[in-house]
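Going by the working numbering, the sequence shown opens with residue 3, and the numbers climb by one from there.
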Amino acid sequence: MKNLSWLWVPAILCACTQTQDSAVEVERGAKLPTAMAPSGMVVAGASGAPRHSAFASAPDRGSLVDYVRDAGTRHSGAYTWRPVEVSEEHALRAIQSGHMSFMSPDGTPIRLAYDRHIEHPDGNWTWIGTAGDGQSAVITFGDAAAFGTIPQGNGELPLRLTSSDSRGWVVSTDRARLADIDNEATDPTRPDFLVPPKLAAARTAGMQAAGARAQAATSGGKTVIDVLVGYTNGFRVARGSQSAAQTRIRNLVDTTNQAYVTSQINAEIRLVHSMEVNFPDNTSNNDALSKLTGFQAPSTPKDPDPAFSALRAAREQYGADLVSLVRRFNSPENDGCGVAWLLGGGESGITPSDEYFGYSVVSDGTDAGDDGKSYYCRDETFAHELGHNLGSTHDAETADNDPGAYSFSFGYKITSASASFHTIMAYGDEGQMSYPVFSNPAITACGGRACGTSMADNARSINLTSPIIGAFRASVVAPPPGMATRIVSDFNGDGVSDVLWRNTASGANTIWPSAGTDGEIPVTRVANLVWMIPGIGDFNGDGEADLFWRNSKDGRNTIWRSASTTDEQFMPRVANLDWQVVGIGDLDGDGTDDVLWRNLRDGRNTYWPGANTEREQNLTRVANLAWSIVGLGDFDGDGQDDILWRNARDGRNTIWRSGDSNAETAVSARSASWIVAGVGDFDGDGKADILWRDPANGSNAVWPGAQASGAIARNGNAGTQWQVAGAGDYDGDRRADVLWRHAGTGLNTIWLSADPSNQRDVTTVRNTTWVIQK
């Protein structure tokens, strides 16, 4: 896996900023005391940064690309190819700085704000950011290639970053000349999907059954759809190498997932395997799909082509719900840029038996048709064809109002005096802007306008169908970080929570892996006791917990990656001590933890996504200081943590979904004598639960999913001496456990799954100056 840990070395910036847009007054550049910056720490400079991509090895000159003026520009119909050198170093620095610069061909810098990055097990990695108009840039780096799309704004078509002939190119598109191209890819005369046969009598009943199942399946959290990709030998040759081909496939997958994020689709495509297939590129995509599936539309079963035997076997081996064949674009031979089986078409219903038709074919790249005019298949073609597998169809006009899985499963396009655009599933008209989103009337990512209507809502449709498709095969590959129950305080990345101890007298620190003393991990001592640990979280998404330190006297902050001083990141100082860290959690669902702050004097609230101050997000102010934040957890299972508020005076409680006060959900009141002792998924259903405790009499209760109606009494430890010291998964069963500590005797114990009848002893620590950090 790509290791980006070099980014988090200390950086001293001699500047101070204070703006009205920022809820926290930020001071940059303060040095830490000696105890926090041990002598002997090696500080890596820019020249010492490791480079992963031999292809993108250009130095950082202030832009991701540097145009090579004397290497020759290519003109191919509507497309202009300009040779560039690519700087992965610039992309890596953009993670730290929060901004990437991409120089456009006319010399105008395009500024992209960093959102997140994805590190893949095969060494490829993807940088994702947002342009000024809100459109996403998705750029994937590999050892031999880089691919991406970069929005230009102002109604211009996006730039493409691609690889060909072992070098990088930036490809721009002339909208007017693009409109002159007339072929099956630009102006199709037939749909790019096939409809599986269904008994007419089953059409209505099937949809009702599928709908009920989908609602139940999505209640537990984000759906993972496992996808297997086969790519032709011609595709590999066109890309220049197997490595480059796989980098391109990663880019297609990440582009699809980013479209899901923007479209508010609660699902994620997971590439479980990719492999080469010896199959020609110069045939129709319909023919390839029939041979891959073993079925000739409309109703004739046939033997699959032997060329796909290994690919079909790999579907079973890797548990792939869907399979896609990616081939080099050939025009006119392919008859378009892709084709897929439209599952559930005509509201016929999607059932588990439809797994038989979970296949698609995607053409990728550029080619000149019979008219000699080159055409480039869209980067969203992969997402489009998978959309058909997921029950979505084209815009209503193109589809002749024949629906997909639901009556509202249409893409969206509009041409009016004020708007002219189309979404991923729609077939655009001449001159329309293409937005890389699925139709959804609830979002305005289409130039500030609604991206759909109540009858053109692919996002809603996919949210209903994806749990069925995601269950076509039992998962074989382990879930990625952030997609299953979040493991807190996992410093060694083994999927089990650990216990961090700090001695409040000496400043010594140590870690007990999985709450045991075997393999105890020493942590650097911090003798200056004004340094506190207000939170623990995985701020860079590497699967290992980090320590967030704050100086309670002067407001300095720093992070120790994986609890190590050798991988330290200095954070901006927050000198106003009214600001306190009140929670750590993943509010935006990007797989990295965020730092939640509250001003205890005036009630302002804000958070740092991924502990990145450049991306600070202000939250609604709560001036009534009787309200306090008592926990963060994913109470609705949507993959984003929510904020649990409690009124200490009257016992009222409420939840802000994903930190949004506009998505507030009231929670039953509880007597003010009760405290929220912990938050965790104690029953393993993918939703956080509340652990309540009455310190006066030792009573305990769990509210599953924060619902009082399902309250479960959990009694066992009485008296105020027993205190909840932590909630984490200490046995690796994907359920949170409760760690208890006795303040008088130093006894410790764990209630597995918050069940007092299922306890596990933990080594006693009689010296009560040792305190468990959480």
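Built from N, CA and C at the ideal position, the CB exists for glycine as well.
| Check | Outcome |
| --- | --- |
| Excluding sequence positions up to five away, which residues of its chain have a Cβ less than 7 Å from the Cβ of R743? | Q725, A727, N750, I774 |
| Pull up the distance between the alpha-carbon of G688 and that of G639, whole angstroms please. | 6 Å |
| What does a CB cutoff of less than 6 Å around E387 pick up in its chain, not counting 5 residues either side in sequence? | G340, A342, S362, V364 |
| With distances taken Cα to Cα, identify the nearest neighbour of P306 among S292, R451, Y233. | S292 |
| K555: buried (16+ other C-beta within 10 angstroms of its C-beta) or exposed? | exposed |
| Taking the beta carbon of S420 as the centre, do at least 16 other beta carbons fall within 10 Å, making it buried, or is it exposed? | exposed |
| Quick check: what's the CA-CA separation for G338 versus N287? | 7 Å |
| Is the Cβ-Cβ distance between V661 and L646 less than 8 Å? | Rather than Val, the amino acid found at residue 661 in this sequence is Gly. Cβ distance not < 8 Å, so G661 and L646 don't count as in contact. |
| Around the C-beta of N620, are 16 or more other C-beta atoms found within 10 angstroms, so that it is buried, or is it exposed? | exposed |
| Going along the chain, which residues of its own chain have a beta-carbon closer than 7 Å to the beta-carbon of R651, five neighbours each way excluded? | A628, A674 |
| By alpha-carbon positions, which one of S441, T608, V140, A577 ends up nearest to N259? | V140 |
| How big is the Cα-Cα spacing for L294 and T383? | 18 Å |
| Buried or exposed for G712, going by 16 or more other Cβ atoms inside 10 Å? | exposed |
| When DSSP labels each residue in this structure, what does R462 get in the three-state scheme? | helix |
| Buried or exposed for T19, going by 16 or more other Cβ atoms inside 10 Å? | Residue placement at T19 is poorly supported in this model, since its pLDDT is 30, which falls under 50; the coordinates still yield a value, given next. It is exposed - the Cβ of T19 has fewer than 16 other Cβ atoms within 10 Å. |
| Taking 8 Å as the cut-off, does the region 123-143 touch the region 225-238 (at least 3 CB pairs, one atom from each stretch)? | no |
| Give the secondary structure of S311 by DSSP, where H, G and I count as helix, E and B as strand, and everything else as coil. | helix |
| In terms of residue numbering, what span does the beta strand (DSSP E) encompassing V239 cover? | Segment 235-241 is the alpha helix (DSSP H) holding V239; no beta strand (DSSP E) there. |
| Measuring straight from C-alpha to C-alpha, what distance separates I513 and N235? | 50 Å |
| Here's the rule: buried if 16 or more other CB atoms are within 10 angstroms of the residue's CB, otherwise exposed. What is S245? | buried |
| Hey, out of G539, D500, V532, whose CA is closest to G521's CA? | D500 |
| In the DSSP output, what is P85 paired with across the bridge? | W171 |
| Starting from F384, trace the alpha helix (DSSP H) both ways and give me its first and last residue. | 383-391 |
| For the alpha helix (DSSP H) containing D256, list its first residue and its last residue. | 244-265 |
| Only counting the same chain, and skipping five residues up and downstream in sequence, which positions put a Cβ closer than 8 Å to that of I538? | V490, S491, L502, A547, D548, L549, F550, I586, Q775, K776 |
| For the region 152-161 against the region 260-280, are there 3 or more C-beta pairs whose distance is under 8 Å? | no |
| Let me check one thing: in DSSP terms, what residues is L646 bridge-paired to? | G633, I657 |
| Measure the C-alpha to C-alpha separation of H101 and I535 and round it to an integer number of angstroms. | 29 Å |
| For N511, does the three-state DSSP call read helix, strand or coil? | strand |
| Can you find at least 3 beta carbon pairs, one from the region 110-126 and one from the region 71-91, that sit closer than 8 Å? | no |
| K293 by DSSP, collapsed to three states: which one? | helix |
| Helix, strand or coil for Q98 per DSSP? | helix |
| Between D643 and the rest of its own chain, which residues show a CB-CB distance below 7 Å, the 5 nearest in sequence each way excluded? | G587, D588, L589, L634, G635, D636 |
| Per DSSP, Y377 forms a beta bridge with which residues? | D369 |
| Count the other CB atoms, across all protein chains shown, that sit within 10 Å of the CB of G109; report buried if there are 16 or more and exposed otherwise. | exposed |
| Where in the region 99-183 do unbroken runs of the beta strand (DSSP E), each at least 3 residues long, occur, reported from the N-terminal end onward? | 101-105, 111-121, 127-132, 138-143, 148-152, 161-166, 169-175 |
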